[in-house]
DNA sequence: ATCATTGCAAACACTTTGCATACGC
DNA sequence: GCGTATGCAAAGTGTTTGCAATGAT
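Chains as they are written, first to last, in the numbering used here: chain A, 6 to 151; chain B, 6 to 151.
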């Protein structure tokens with residue numbers, strides 16, 4: 006799991022090949038953008054930045070490439086609240102556990118040092134969001150692995 | 006911050022009035038659904054459940070009502086990964102801090118008990134997602150409060 | 001009569017799909 | 001030449017907006 010930090014084209018090419026991904030110019034540039042320019046990259050940022058260099062680039066390719074990279078474990082997707090879909094009652098902060106099999110969301114009580122935290126590394130914390138994924142108790146018992 | 010647990014229509018009505026929200030039948034039913042039927046409710050679940058009872062109900066009203074409830078702090082919105090927008094390099098798990106002012110996402114290193122956790126309350130943990138929101142260091146200094 | 005609430009229809013933003021074209025060994 | 005990669009256009013999904021109809025006081 007190499008850390009991508011201002012890697013050269015040669016290094017990125019090698020990394021892609023080792024992951025079993027053929028190193029097209031689109032793939033190299035997209036991975037380079039993520040590793041060098043932006044630690045947190047959106048599809049649109051990547052597209053807007055690279056389309057001047059590769060005028061025929063399409064967003065479809067960006068989507069395809071990112072999905073491929075996630076599948077090959079070259080990058081992770083992270084969840085930041087974009088459009089909000091789920092709602093719950095006001096209650097004390099807690100973690101949400103979502104099962105990969107049944108998709109149910111289960112509240113998890115935690116007494117982590119995160120809770121009630123007001124300040125971290127000089128940033129003012131207003132909301133803590135913790136989201137766990139995995140396989141829930143019930144589904145483990147049923148042996149219904151995805 | 007009352008906990009809504011199988012509240013009666015009368016209790017919900019009172020709660021809405023205390024929050025300065027006039028208690029229409031739509032609002033009562035939506036809040037009742039969240040409090041009684043579903044701890045984690047999506048717009049669609051709410052709509053599908055209530056449209057049989059209130060045939061003229063529209064999704065717009067569900068959206069409007071939920072936004073109003075969040076604004077009035079009657080409910081919280083929670084973030085579960087829906088469509089993935091941001092991507093980052095593979096690296097050790099960490100928390101993400103997103104600033105309410107500049108929207109930048111900043112990595113937060115934490116040595117919480119959550120990290121490296123493999124099992125919690127008998128659920129198998131495959132992915133830990135922690136998302137903090139607030140105002141970042143830089144924006145606090147600039148005094149550019151939203 | 002007035003003001004708030006509702007809800008249809010259209011617009012929107014983001015993502016995925018279908019398929020034809022282009023590329024690389 | 002054949003299999004893979006790319007990318008346009010269209011469709012799909014979830015949410016928001018504009019505005020007219022309805023409801024309450």
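Positions of the beta carbon are idealized from the N, C-alpha and C atoms, including for glycine.
- The beta carbon of residue 61 of chain B sits closer than 7 Å to none of the beta carbons in its chain outside the five residues before and after it.
- Annotation for residue 70 of chain A: 31, 32, 35 place their beta carbon closer than 7 Å to its own, counting only its chain and skipping 5 residues before and after.
- Interface annotation, residue 139 of chain A: in contact with chain B, CB-CB separation under 7 Å.
- Here residue 51 of chain A carries a helix assignment [DSSP, helix/strand/coil].
- Rounded to the nearest angstrom, the Cβ distance from residue 73 of chain B to residue 26 of chain B is 6 Å, consistent with a contact under 8 Å.
- Between the alpha carbons of residue 39 of chain A and residue 79 of chain B lies a distance of about 39 Å.
- In the structure shown, residue 131 of chain A adopts extended strand secondary structure according to DSSP, grouped into three states.
- The three-state reading of DSSP puts residue 124 of chain A in strand, counting E and B together.
- Interface with chain A (7 Å Cβ-Cβ cutoff): residue 143 of chain B is excluded.
- With 16 or more other Cβ atoms inside 10 Å of its own Cβ, residue 67 of chain A counts as buried.
- A straight-line Cα-Cα distance of about 10 Å links residue 47 of chain B and residue 82 of chain B.
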